[in-house]
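*Asks:*
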Amino acid sequence: MNQLWQRFLAPVVDGLRYATLTSYTWQQPRLLLLILLIPVLFLVRWLLVHRRQPRLGVAFVAGQLRRDYSAALRFVPDIVLGLSLAFGIVALARPQRTDERVVQTGQGIDILLLVDVSSSMELQDLRPNRLEAAKRVAREFVDGRSGDRIGLVVFAGDAYSLAPLTTDYELLRENLQSLKLGMIQNDGTAIGTALGVATNRLRDSRSRTKVCILISDGENTAGSLDPLTAAQLAHAFGVKIYTIGLGKDGYVPYGQDENGRPRYVETRLDETAMRQLAQAAEGQFFRASDNNTLRNVFRRIDQYEKSEIKQTRYRNTKDYYRIYLFWCVGLWLLWLGLKNTFLTNSLED
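In full-length UniProt numbering, the protein residues as written are 1 to 349.
1. For the beta strand (DSSP E) holding Glu-266, just list the boundary residues, first then last.
2. Return the chain-ordered list of same chain residues with a C-beta closer than 6 Å to the C-beta of Arg-287, the five sequence neighbours on each side being excluded.
3. To the nearest angstrom, how far is it from the Cα of Asp-143 to the Cα of Asp-168?
4. In the DSSP assignment, the beta strand (DSSP E) including Tyr-251 goes from what residue to what residue?
5. With distances taken Cα to Cα, identify the nearest neighbour of Val-90 among Gly-188, Leu-31, Arg-45, Trp-46.
6. If we count the other Cβ atoms within 10 Å of its Cβ and call it buried at 16 or more, is Asp-349 buried or exposed?
7. Assuming Ala-159 is part of the beta strand (DSSP E), what are its boundary residues?
8. Could you check which residue in Thr-22, Gly-88, Thr-243 has the C-alpha nearest to that of Leu-269?
9. What residue range is occupied by the uninterrupted beta strand (DSSP E) comprising Val-239?
10. When you compare only the Cα positions, how much space is there between Leu-195 and Val-115?
11. Distance, Cα to Cα, Asp-110 vs Ala-281?
12. Do the stretch 32-42 and the stretch 80-98 make contact, defined as three or more Cβ pairs closer than 8 Å?
13. Below 8 Å on the Cβ atoms is my contact criterion, and I expect Tyr-320 with Gln-96 to pass it. Report the Cβ-Cβ distance as a whole number of Å.
14. Between the Cα of Tyr-254 and the Cα atoms of Leu-176, Met-121, Tyr-160, which residue gives the shortest distance?
15. Sorted by chain position, which residues of the same chain lie with C-beta nearer than 6 Å to Asn-340's C-beta, five sequence neighbours on each side aside?
16. What residue range is occupied by the uninterrupted beta strand (DSSP E) comprising Arg-149?
17. Short of 6 Å in beta carbon distance, which residues of its chain neighbour Ser-207, apart from the five on each side in sequence? Order them along the chain.
18. In this structure, what does DSSP give as the bridge partners for Trp-26?
19. Classify Asn-220: buried if its beta carbon has 16 or more other beta carbons within 10 angstroms, exposed otherwise.
20. So what's Gln-259 in DSSP terms, helix, strand or just coil?
21. Taking the straight line between their C-alpha atoms, what separation do you get for Asn-175 and Asn-186?
22. For Phe-237 and Leu-202, which I take to be in contact (beta-carbon distance under 8 Å), what is that distance rounded to the nearest angstrom?
23. Per DSSP, what are the beta-bridge partners of Ala-288 in this structure?
24. Per DSSP, what kind of secondary structure is Leu-176 in: helix, strand or coil?
25. If contact is defined by three or more beta carbon pairs under 8 Å, each pair taking one atom from either stretch, is the stretch 223-239 in contact with the stretch 256-263?
26. Label Pro-227 either buried or exposed according to how many other C-beta atoms from any shown protein chain fall within 10 Å of its C-beta, with 16 as the threshold for buried.
27. Just to confirm, is the Cβ distance from Asp-158 to Ile-191 under 9 Å?
28. Please report the Cβ distance between Ala-133 and Asn-291, rounded to the nearest whole angstrom; I am assuming they are in contact, meaning their Cβ atoms lie under 8 Å.
29. Take Asn-200 as the anchor and find which of Leu-233, Tyr-304, Leu-331, Asp-249 has the nearest alpha-carbon.
30. Go ahead and pull the three-state DSSP assignment for Thr-272.
31. Of all the options Val-49, Ile-38, Phe-87, Ala-231, which has the alpha carbon lying nearest to the alpha carbon of Leu-21?
32. Can you tell me which of Val-117, Trp-327, Leu-112 puts its alpha carbon nearest to the alpha carbon of Ser-301?
33. Do Leu-92 and Leu-294 come within 9 Å of each other at the CB atom, strictly closer than that value?
34. Output yes or no for whether 9 Å exceeds the beta carbon distance between Arg-139 and Gly-247.
35. Apart from the five residues on each side of it in sequence, which residues of its chain come closer than 6 Å, Cβ to Cβ, to residue 391?
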């Protein structure tokens, strides 16, 4: 008995639940609008019958006619017929559920973002400042990738791996959002150390392509590892380096003075050294002096480093119209049976 309920009766009863009906996709959803016409059909039938039905005038003395509630039973066959028609329409609309399985073939690439968080990243030649502009565009870059493992290294006077290589892009976006000035106590620009940390992360990677994207606005002023040596070491492990130099040379805005007027400081990017780093690891150097240029740089890198990920989608569609066809036929047979009982002939008003 329990097996009979689980296999046959439970799906039939479950099909009546509102949550079940809303979980379907419908092959012919417009047909469901026909359910609204069912009451109209009964109204039209009543008008036609009421118009043609012969009447016999009978006078009753007030208070002598007792109301019999059994007269309401004559509506039972019509209710059963209406439900049968409604379930038939639901069956015609073809309720379905689709399970989709996605199989990825191919291998993504490994990318490490190296972001400078030194005090000079607070300069405002990029809006609202260099660091916030870099964070925003890096998030857009992450959003555009699929199937690649991406990690994050931050550096100032020291360098740390903030996020390991991962395909959890939501975690990566949270880590990018958490970047702030002064998060590394030792100030400076340790480019060589950052490349060393990145190489250490990537050297055991089995990916066919390993990429570092270095974002900085200054020259190497800290750390014990020479940047060019670090780039050559990265190249030996098959790592490609793209370098992005942020900001303009010369005097750029940096906050306001005590009178509320813009304050300017002098800054310089060691463009020659950044080019050498990219060339040593078969990469490319880019200069980004404003927000739009920085965004275009990331778009170009995104086009250069594409992973060949193929997705195969398997769709399994299951029909559930049989449940409602069962209700339709069952109620129809019940209606035919009720037509031959006293319910149809119950006392009318």
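We put the beta carbon where it would ideally sit given N, CA and C, even for glycine.
*Replies:* In terms of the structure at hand:
1. Along the sequence shown, one-based indexing puts residue 266 at 266. From DSSP, the beta strand (DSSP E) with Glu-266 extends over 262-267.
2. The sequence position of residue 287 within the sequence shown is 287, counting from 1. If we look at Arg-287 and ignore the five residues flanking it on each side, its Cβ neighbours are Gly-245.
3. Start at 1 with the first residue of the sequence shown, and residue 143 comes out as number 143. Start at 1 with the first residue of the sequence shown, and residue 168 comes out as number 168. If you draw a straight line from the Cα of Asp-143 to the Cα of Asp-168, it is about 11 Å long.
4. For the purposes of this step, residue 251 is identified with residue 251 of the sequence shown, where counting begins at 1. First-last of the beta strand (DSSP E) with Tyr-251: 250-256.
5. Locating residue 90 in the sequence shown gives position 90, where the first residue counts as 1. Residue Leu-31 holds the alpha-carbon nearest to the alpha-carbon of Val-90 among Gly-188, Leu-31, Arg-45, Trp-46.
6. Here residue 349 is taken as the residue at index 349 of the sequence shown, counted from 1. For Asp-349, the predicted model reports a pLDDT of 41, less than 50, meaning its position is unreliable and no value from the coordinates is stated.
7. Here residue 159 corresponds to residue number 159 of the sequence shown, with the count starting at 1. Looking at the DSSP string, the run of the beta strand (DSSP E) that includes Ala-159 is 159-166.
8. In the sequence shown, residue 269 corresponds to position 269, counting from 1. Ranking Thr-22, Gly-88, Thr-243 by Cα distance to Leu-269 puts Thr-243 first.
9. Taking the first residue of the sequence shown as 1, we reach residue 239 at position 239. Unbroken beta strand (DSSP E) run through Val-239: 239-246.
10. The residue given as residue 195 occupies position 195 in the sequence shown. The residue given as residue 115 occupies position 115 in the sequence shown. So the two alpha carbons sit approximately 11 Å from each other.
11. The count along the sequence shown starts at 1 and reaches residue 110 at position 110. The count along the sequence shown starts at 1 and reaches residue 281 at position 281. Approximately 15 Å between the Cα atoms of the pair.
12. Per the Cβ contact rule, the stretch 32-42 is in contact with the stretch 80-98 (3 or more Cβ pairs under 8 Å).
13. Along the sequence shown, read from residue 1 onward, the residue named residue 320 stands at position 320. Along the sequence shown, read from residue 1 onward, the residue named residue 96 stands at position 96. Yes, Tyr-320 and Gln-96 are in contact; Cβ-Cβ is about 7 Å, under 8 Å.
14. Within the sequence shown, residue 254 is the residue found at index 254, counting from 1. Selection Leu-176, Met-121, Tyr-160 evaluated against Tyr-254 yields Met-121 as nearest (Cα-Cα).
15. In the sequence shown, residue 340 corresponds to position 340, counting from 1. There are no such residues.
16. To locate residue 149, count along the sequence shown from 1; it is residue 149. The continuous beta strand (DSSP E) containing Arg-149 extends over residues 149-155.
17. Here residue 207 refers to the residue found at position 207 of the sequence shown. Only Ile-109, Asp-110 meet the Cβ criterion.
18. Within the sequence shown, the letter at position 26 stands for residue 26. Answer by DSSP bridge pairing, in chain order: Pro-95.
19. Residue 220 sits at position 220 when you count from the first residue of the sequence shown. By the beta-carbon neighbour count (other beta carbons within 10 angstroms, threshold 16), Asn-220 is buried.
20. Counted from its first residue, the sequence shown places residue 259 at position 259. As written in the sequence, residue 259 is Asn, which differs from the Gln given in the question. Here DSSP, grouped into helix, strand and coil, assigns Asn-259 to coil.
21. Residue numbering aside, residue 175 sits at position 175 when the sequence shown is read from its first letter. Residue numbering aside, residue 186 sits at position 186 when the sequence shown is read from its first letter. One Cα belongs to Asn-175, the other to Asn-186, and the distance between them is close to 20 Å.
22. Working through the sequence shown from its first residue, we reach residue 237 at position 237. Working through the sequence shown from its first residue, we reach residue 202 at position 202. Yes, they are in contact, since the Cβ atoms of Phe-237 and Leu-202 sit about 6 Å apart, within 8 Å.
23. In the sequence shown, residue 288 corresponds to position 288, counting from 1. Ala-288 pairs with Leu-246.
24. Translated into the one-based positions of the sequence shown, residue 176 becomes position 176. Three-state result, Leu-176: helix.
25. Output reads no: the stretch 223-239 does not touch the stretch 256-263.
26. The residue labelled residue 227 in the question sits at position 227 within the sequence shown. By the neighbour-count definition (other C-beta atoms within 10 Å, threshold 16), Pro-227 is a buried residue.
27. For the purposes of this step, residue 158 is taken as the residue at position 158 of the sequence shown. For the purposes of this step, residue 191 is taken as the residue at position 191 of the sequence shown. No; because the gap between Cβ atoms is not below 9 Å, this pair is not in contact.
28. Along the sequence shown, read from residue 1 onward, the residue named residue 133 stands at position 133. Along the sequence shown, read from residue 1 onward, the residue named residue 291 stands at position 291. Indeed, because the Cβ distance is near 5 Å, the residues count as touching under 8 Å.
29. Residue numbering aside, residue 200 sits at position 200 when the sequence shown is read from its first letter. Leu-233 is the residue among Leu-233, Tyr-304, Leu-331, Asp-249 whose C-alpha sits nearest the C-alpha of Asn-200.
30. Reading the sequence shown from its first residue, position 272 is the one you call residue 272. For Thr-272, the three-state secondary structure derived from DSSP is helix.
31. For this step, residue 21 is matched to residue 21 along the sequence shown. Of the listed residues, the one whose Cα sits closest to Leu-21 is Phe-87.
32. Numbered from 1 along the sequence shown, position 301 holds the residue referred to as residue 301. It should be pointed out that residue 301 corresponds to Ile in this sequence rather than to Ser. When each option's Cα is compared against that of Ile-301, the closest is Leu-112.
33. For the purposes of this step, residue 294 is identified with residue 294 of the sequence shown, where counting begins at 1. For the purposes of this step, residue 92 is identified with residue 92 of the sequence shown, where counting begins at 1. Not a contact, by the Cβ cut-off of 9 Å.
34. Taking the first residue of the sequence shown as position 1, residue 139 is located at position 139. Taking the first residue of the sequence shown as position 1, residue 247 is located at position 247. Their beta carbons are not under 9 Å apart, which means Arg-139 does not touch Gly-247 by this criterion.
35. Given that the chain is displayed from residue 1 to residue 349, the structure contains no residue 391 and the question cannot be resolved.
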